[in-house]
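In what follows, a structure is listed as structure tokens, so that the remarks can point back to it.
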Amino acid sequence: MKIGKPFFSYTLVFNVLPNTLSHGRFAIIISGKSVKNAVVRNKYRRLYYETCRPYIDTIPKDISCVVKTKTQLENNDTALKNFKKELIYLFDKKLGKNT
Numbered sequence: 353m354k355i356g357k358p359f360f361s362y363t364l365v366f367n368v369l370p371n372t373l374s375h376g377r378f379a380i381i382i383s384g385k386s387v388k389n390a391v392v393r394n395k396y397r398r399l400y401y402e403t404c405r406p407y408i409d410t411i412p413k414d415i416s417c418v419v420k421t422k423t424q425l426e427n428n429d430t431a432l433k434n435f436k437k438e439l440i441y442l443f444d445k446k447l448g449k450n451t
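Position in the sequence shown counted from 1, then plus 352, gives you this note's numbering.
Next comes the structure, spelled out in structure tokens:
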């Protein structure tokens, strides 16, 4: 796994950064330009943390995983499913398969 090298999908940028804390961590950045409504933005944030939960044990202690949105996200079921599918793809690609 390369530290600091971003990995891209259609709507997301996944980056692994060095961390001096005693534990690994996950973060997401969803700008106001990506999602105008705060309620929808928090819905995406909750979905992100729900998707991260199985990967918490697989993350090394010395890195932080940061995901940033590239494009505007919509508020419908298809967009949420695609968002989750892309997150799982990025996690499996960067952190290894979750078993």
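All C-beta atoms in this analysis are idealised placements derived from N, C-alpha and C, irrespective of residue type, glycine included. What you are looking at is a predicted structure, and each value in this text was computed from that prediction instead of being measured.
Backbone CA spacing between residue i and residue j [nearest angstrom]
| i | j | result |
| --- | --- | --- |
| Thr451 | Gly376 | Here Thr451 scores only 47 on pLDDT, less than 50, and its place in the model should not be relied on; the value that follows carries that caveat. If you take the alpha carbons of Thr451 and Gly376, they lie about 19 Å apart. |
| Ser361 | Glu438 | 7 Å |
| Arg397 | Phe378 | 11 Å |
| Lys357 | Ile380 | 16 Å |
| Ala431 | Ser374 | 35 Å |
| Lys422 | Lys436 | 15 Å |
| Cys417 | Ile440 | 13 Å |
| Pro370 | Arg393 | 26 Å |
| Val419 | Pro412 | 16 Å |
| Leu384 | Lys395 | Here residue 384 turns out to be Gly, not Leu, going by the sequence shown. In a straight line, the C-alpha of Gly384 is about 13 Å away from that of Lys395. |
| Ser386 | Lys433 | 17 Å |
Classification of residue i by the beta-carbon crowding that lies within 10 angstroms, buried from 16 upward
| i | result |
| --- | --- |
| Val391 | exposed |
| Ile415 | buried |
| Thr372 | exposed |
| Met353 | Confidence at Met353 is low in this model, with a pLDDT of 45, below 50, so the placement of that residue is unreliable and no value is reported for it. |
Inter-residue CB distance, residue i and residue j (contact presumed, cutoff 8 Å)
| i | j | result |
| --- | --- | --- |
| Thr359 | Leu442 | Residue identity differs from the one stated: residue 359 is Phe in this sequence, not Thr. 6 Å between Cβ atoms; contact. |
| Lys427 | Asn389 | Sequence inspection shows Asn at residue 427; the Lys mentioned does not correspond to that position. Right, their Cβ atoms sit about 7 Å apart. |
Inter-stretch contact (C-beta, 8 Å, three-pair minimum) for the stretch 400 to 410 and the stretch 364 to 371: no
Does the stretch 439 to 450 touch the stretch 403 to 420, meaning 3 or more C-beta pairs lie closer than 8 Å? yes
Along the chain, which unbroken stretches of the alpha helix (DSSP H) at least 4 residues long are found entirely within the stretch 381 to 437? 390 to 404
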